[in-house]
Amino acid sequence: MTIKTDFLENIAGDKSLAVDKIVDGAVKASVNYNGATASVNSSINVSSSVDNGVGTYTFNFTNAFTNGLQSLGATGRYVSSDIPANPSRSIVPKSLAAGNCNLLCLTGTGQALDYELVSANINGDLA
Amino acid sequence: MTQLADLPLWARLEIARQTLEPVQSDYRVVFEADIDAPASVLVPEPNWMACALHGGILPPVEVYHKLEVDDEGKVLNGELQHTTPPVGPMTEEEAIEYLIQKDVPAHVWKAEKGNSTKMVICRANQLPTTRQWRDAWKIDQVMEHNNLEEAA
Numbered sequence: 200m201t202i203k204t205d206f207l208e209n210i211a212g213d214k215s216l217a218v219d220k221i222v223d224g225a226v227k228a229s230v231n232y233n234g235a236t237a238s239v240n241s242s243i244n245v246s247s248s249v250d251n252g253v254g255t256y257t258f259n260f261t262n263a264f265t266n267g268l269q270s271l272g273a274t275g276r277y278v279s280s281d282i283p284a285n286p287s288r289s290i291v292p293k294s295l296a297a298g299n300c301n302l303l304c305l306t307g308t309g310q311a312l313d314y315e316l317v318s319a320n321i322n323g324d325l326a
Numbered sequence: 002m003t004q005l006a007d008l009p010l011w012a013r014l015e016i017a018r019q020t021l022e023p024v025q026s027d028y029r030v031v032f033e034a035d036i037d038a039p040a041s042v043l044v045p046e047p048n049w050m051a052c053a054l055h056g057g058i059l060p061p062v063e064v065y066h067k068l069e070v071d072d073e074g075k076v077l078n079g080e081l082q083h084t085t086p087p088v089g090p091m092t093e094e095e096a097i098e099y100l101i102q103k104d105v106p107a108h109v110w111k112a113e114k115g116n117s118t119k120m121v122i123c124r125a126n127q128l129p130t131t132r133q134w135r136d137a138w139k140i141d142q143v144m145e146h147n148n149l150e151e152a153a
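Protein sequences appear in the order of chains A and B.
Read left to right, the first sequence gives residues 200 to 326 (the numbering used here).
Read left to right, the second sequence gives residues 2 to 153 (the numbering used here).
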C-alpha cells in the first residue's frame, strides 16, 4: 500500500514535516562489515563487498546513487586486544562514486589496519 | 494490483530484504585489478544473492553498463535501473557471473588476452585461513598452471 502526501502533521497542528525531508534524509545504503573475516554482517542496498587488502574495503551498491557526492558516516573498531594500546582510529573514504564506496581504516598513527567492525551509513539521492 | 516488476529497483530491494532469507554464498572472486596492489577478494552480499536466486528483482547486468556518467560523476539515466524489466531466477553460478560483470572492473573480466591470470573464482575455504601478509596476496600463477595441466 502506498500513502501519498506532501506533509505529515500532528493532531495538535503545531508540528509538521515535509515528506521530502524524511525521504531525502533516510539512509539509502548501509553496511555492517567484519574486516577481520571479510564478511558482511548486515547491509542495505549492497551487492558485494571487496576486500582490497589490509584495512581497505569496497562496497558496491545495487541501486546506484545519482552521483558520488553522497554523505557518508562511518565508524568502527579494530580487534579488541588492540584497543587499550592504541585506541585512536579513523575511517577515511578513499573514494565515493555513484556505484560504490571505498573505505580505508587507519590507526591513530595513520597505519592501515583490519577492523573487526566497520559500520557505515550512506545518505543521498538514488539514481 | 502492483506487480513487483512495476516498482522501482530500490522498492523491490526493500521488499526482498523483508521477505527473503539471506543466502550466504560459498563462492569468492579473487582478482587483480592493479599490478601493484594485492589481490582483491569479492564476497557476494547475502541479501543480494537471495534476490538473484529468487528472480524478478534485479535488472539485467547490462543496465549497469549502460549507465551514463558525466564529467562530474552524475548518473544521467538512472531510471534504466527501474524501468528495465528485471531478470528471472539465476543459479548461484549465474549470479556470480552477473556479479563479476557488475562489480569487478571491466578490464579484468573483459580482457581477451593476457600473459597472467587476473581473476579466479574459488570457494571460501580455498583462501588463506589467516590474514597474515594480506597485502602480499597474489593469484598463484603456478597453481593455476598446474590446474590447467591436470585439466588437459
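Glycine included, C-beta positions come from ideal geometry on N, C-alpha and C.
Residue 272(A): member of the beta strand (DSSP E) spanning 270 to 277, first to last residue. By the Cβ neighbour-count rule, residue 218(A) is exposed, with fewer than 16 other Cβ atoms within 10 Å of its own.
A contact between stretches requires three or more CB pairs, one per stretch, nearer than 8 Å, and the segment 15 to 23 of chain B fails this requirement with the segment 73 to 92 of chain B. In the structure shown, residue 244(A) falls within a coil segment according to DSSP collapsed to helix, strand and coil. The alpha-carbon of residue 25(B) is positioned some 8 Å away from that of residue 45(B). For residue 101(B), the three-state secondary structure derived from DSSP is helix. Bridge partners of residue 225(A) according to DSSP: none are assigned. Chain-ordered listing is empty here: chain A has no CB closer than 7 Å to the CB of residue 54(B), the nearest sitting near 13 Å. DSSP, reduced to helix, strand and coil, places residue 67(B) within a helical segment of the structure shown. As DSSP reads the structure, residue 117(B) sits in no beta bridge.
Here residue 259(A) has 246, 247 and 299 as same chain residues with Cβ atoms under 6 Å from its own Cβ, once five neighbours each way along the sequence are excluded.
100, 103 and 104: these are the residues of the segment 95 to 118 of chain B whose beta carbon lies less than 8 Å from some beta carbon of chain A, given in chain order. Counting only runs of 3+ residues, the beta strand (DSSP E) found wholly inside the segment 31 to 56 of chain B occupies 41 to 45, in chain order. Between residue 263(A) and residue 68(B), the C-beta spacing is below 8 Å.
With contacts defined as CB atoms closer than 8 Å, residue 252(A) and residue 296(A) fail to qualify as a contacting pair. Exclusion of the five residues before and after residue 269(A) leaves 295, 321, 322 and 323 as the residues of its chain whose Cβ lies within less than 7 Å of its Cβ. In the three-state reduction of the DSSP assignment, residue 315(A) falls in the strand class, which pools E and B. Looking at the DSSP output, residue 218(A) bridges to nothing. Residue 18(B) sits in a helix when the DSSP states are folded into three classes.
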